[in-house]
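Notes follow the structure.
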Amino acid sequence: MTTLTTSVTARPASAASTTADAVMRGEPAMDRLRVGVLGPPEVFHHNHRLTFALRKAQALLLYLAVQGGMHPRSKLAALLWPDSEPQGARTALRNAITLLRRLLADLDPSASPHSHLLSEHELLGLDPHAPLELDLDVVQQAWHQAQRLSLASSEEQRAALVSQVQHALSLVRGPFLEGFWLREESGFDHWVQQQQQQWQVRLQVLFARLSSWQETGGELELARATLTRWLALDALSEEASRRLMRVHLALGDASAALQVYTTCRARLAEELRVPPSAETVALAEHIRATQARQGSPPARPTSAASVPPSELVAPLVGRAAAFSQLVVRYHQARLGQPQAVLIEGEAGIGKTRLVSEFVAWVKAQGAEVLSGHAFEMGGRLPYQPPVADRTVASAARIARTLPGSACRPRG
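For the sequence shown, our numbering begins at 8 and goes up steadily by one.
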């Protein structure tokens, strides 16, 4: 997929401080403008939602808010009125500007006339010093911070970034300018399509990062909630479906995992006329095999109401760092670097739960897990504790992979 990029200008560090500075200088303080474009467009001025008599006037304001900077009037006229003669397009642009100035005028009639719109010669834009809140700015900042996080980051840094990303994603109501078109082959509509692709990619990164941090931190219920919301916003994302399937499996709900696969397959067939990828199919087969070994009931449809809200489920408080270390060791082992980890601590601090949830997570990754208890009397038989409770077939297969093993199951 080709990522289309457009510039997004930096906003003032604090709109409130900008307003206060203007008052101290004796300048008129403008009312706050809040623009939401991740979903159906929303524009609020001084906490009042604006309605637009001209759709293209709204399109003009949205374009200026997202792009930032100053733009030639001729470019804006061609962008919004491509089928009109240049003179007619400029006249229509002036009418749209007049409408916006009325909508964005200060509510205080005693104040000097002022507007968020800034006009300089043949250029038009939004005043960069005006108090403007744009949801894209919050998402953009979270995206940049997420790119910088490394494995060496402290737990405090991770927690702060998780909070920042959660706040950014809470502002997302849908795709960029969902359902907002001029319904003609205009440059504006092409711009919307480009922006939708760009922000879809960035939102995918944020949802993937957040769910990964939650998953590797042992917060599986939170990861499930994040992935469920990701799929609600991007129903055709196979990556989100696979991640949610693995989390359901790690939580011991193979039926829910297979229901996610069934839904994914149906959506791909209906909307794209394609089957799921080989990776998604293989994961579903792995889950079915796991379900068969455990004797679970067949998959059945589940509703959102049957999923317990994540805020009611206690996370592994204070154990995220330990869980993350176990995940790192697991990936090292997969690279052919055997690992041994000792978990110790006082009774009641959550060692057993930490291990149980990590084992469930590892199984969801498709790994074979051996578990058992060691006793002094079994010391002469290598690998007896973990292999003893396996079926004959699986024990024989596992035994062949253990170096120097004398353990050979008898049928």
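From the three backbone atoms N, C-alpha and C, an ideal C-beta is built for every residue, glycine too.
Roughly how many angstroms separate the alpha carbons of residue i and residue j, rounded to a whole number?
{"i": "Arg108", "j": "Leu124", "result": "7 Å"}
{"i": "Val314", "j": "Ala261", "result": "Below a pLDDT of 50, predicted positions are generally treated as unreliable, and Val314, at 36, falls in that range; the measurement from the model is reported next regardless. Each residue's alpha carbon lies about 14 Å from the other."}
{"i": "Ile294", "j": "Trp220", "result": "23 Å"}
{"i": "Ala86", "j": "Arg190", "result": "Here residue 86 turns out to be Leu, not Ala, going by the sequence shown. Spanning the two alpha carbons is a distance of roughly 13 Å."}
{"i": "Trp150", "j": "Trp237", "result": "16 Å"}
{"i": "Gln298", "j": "Thr287", "result": "17 Å"}
{"i": "Arg101", "j": "Gln152", "result": "40 Å"}
{"i": "Ser244", "j": "Leu184", "result": "19 Å"}
{"i": "Val30", "j": "Asn54", "result": "Confidence is the limiting factor: at Val30 the pLDDT is only 34, short of 50, which leaves the residue's position unreliable, though a coordinate-based value still follows. In a straight line, the C-alpha of Val30 is about 20 Å away from that of Asn54."}
{"i": "Tyr268", "j": "Glu278", "result": "15 Å"}
{"i": "Leu217", "j": "Ile104", "result": "41 Å"}
{"i": "His78", "j": "Gln204", "result": "23 Å"}
{"i": "Leu234", "j": "Glu246", "result": "10 Å"}
{"i": "Phe51", "j": "Leu57", "result": "6 Å"}
{"i": "Arg272", "j": "Pro282", "result": "6 Å"}
{"i": "Leu275", "j": "Ala167", "result": "36 Å"}
{"i": "Leu71", "j": "Phe214", "result": "27 Å"}
{"i": "Gln266", "j": "Ala137", "result": "49 Å"}
{"i": "Ala340", "j": "Thr223", "result": "16 Å"}
{"i": "Ala257", "j": "His174", "result": "26 Å"}
{"i": "Val145", "j": "Gln154", "result": "15 Å"}
{"i": "Phe365", "j": "Ala242", "result": "28 Å"}
{"i": "Pro316", "j": "Ser91", "result": "Interpretation of Pro316 is limited by its pLDDT of 34, a score under 50 that renders its predicted location unreliable; no figure is taken from the coordinates."}
{"i": "Val42", "j": "Ala232", "result": "27 Å"}
{"i": "Ile350", "j": "Ser378", "result": "15 Å"}
{"i": "Val254", "j": "Gln346", "result": "24 Å"}
{"i": "Met252", "j": "Glu292", "result": "12 Å"}
{"i": "Pro135", "j": "Ser122", "result": "12 Å"}
{"i": "Gly7", "j": "Asp38", "result": "Here the chain has residues from 8 to 418 only, and residue 7 is not among them."}
{"i": "Arg165", "j": "Gly46", "result": "28 Å"}
{"i": "Arg97", "j": "Glu162", "result": "55 Å"}
{"i": "Ala263", "j": "Val376", "result": "22 Å"}
{"i": "Leu169", "j": "Leu333", "result": "In the sequence under discussion, the amino acid at residue 169 is Val, which differs from the Leu named in the question. Cα to Cα, the separation comes out at about 20 Å."}
{"i": "Pro89", "j": "Gln200", "result": "17 Å"}
{"i": "Ala99", "j": "Pro93", "result": "10 Å"}
{"i": "Arg280", "j": "Ala296", "result": "27 Å"}
{"i": "Leu156", "j": "Arg209", "result": "15 Å"}
{"i": "Phe59", "j": "Leu139", "result": "19 Å"}
Going by alpha carbons, who is nearest to residue i out of the options?
{"i": "Ser284", "options": "Arg249, Ala299 and Glu277", "result": "Arg249"}
{"i": "Leu40", "options": "Leu133, Gln74 and Leu377", "result": "Leu133"}
{"i": "Gln147", "options": "Glu129, Gln200, Gln171 and Pro138", "result": "Gln171"}
{"i": "Arg300", "options": "Arg280, Leu333, Thr270 and Gly259", "result": "Gly259"}
{"i": "Ala143", "options": "Leu377, Ala99, Ser177 and Arg155", "result": "The sequence given here has Leu at residue 143, not Ala. When only C-alpha atoms are compared, the closest one is Ser177."}
{"i": "Leu131", "options": "Arg209, Gly76 and His255", "result": "Gly76"}
{"i": "Trp198", "options": "Ala296, Thr359, Val362 and Leu83", "result": "Leu83"}
Is the beta carbon of residue j closer than 9 Å to that of residue i?
{"i": "Leu141", "j": "Val44", "result": "yes"}
{"i": "Leu106", "j": "Val179", "result": "no"}
{"i": "Gln207", "j": "Pro182", "result": "yes"}
{"i": "Phe187", "j": "Ala66", "result": "yes"}
{"i": "Gln202", "j": "Val348", "result": "no"}
{"i": "Ala374", "j": "Tyr337", "result": "yes"}
{"i": "Leu61", "j": "Pro48", "result": "no"}
{"i": "Glu129", "j": "Ser81", "result": "yes"}
Within the chosen definition, does the segment 224-233 reach the segment 186-205 through at least 3 CB pairs nearer than 8 Å?
-> no
Continuous alpha helix (DSSP H) assignments of at least 4 residues falling wholly in the segment 253-300 | 261-274
Segments assigned beta strand (DSSP E), at least 3 residues, entirely inside the segment 119-191 | 124-127, 130-133 and 139-141
In chain order, each alpha helix (DSSP H) run of at least 4 residues that lies wholly inside the segment 198-263 | Those alpha helix (DSSP H) runs which fall completely within the segment 198-263 and span 4+ residues are 227-240 and 245-257.
Hey, which unbroken runs of the alpha helix (DSSP H) at 4 residues or more fall wholly within the segment 32-106?
-> For secondary structure counted as the alpha helix (DSSP H) over 4 or more consecutive residues, the segment 32-106 holds these complete runs in sequence order: 62-74 and 80-87.
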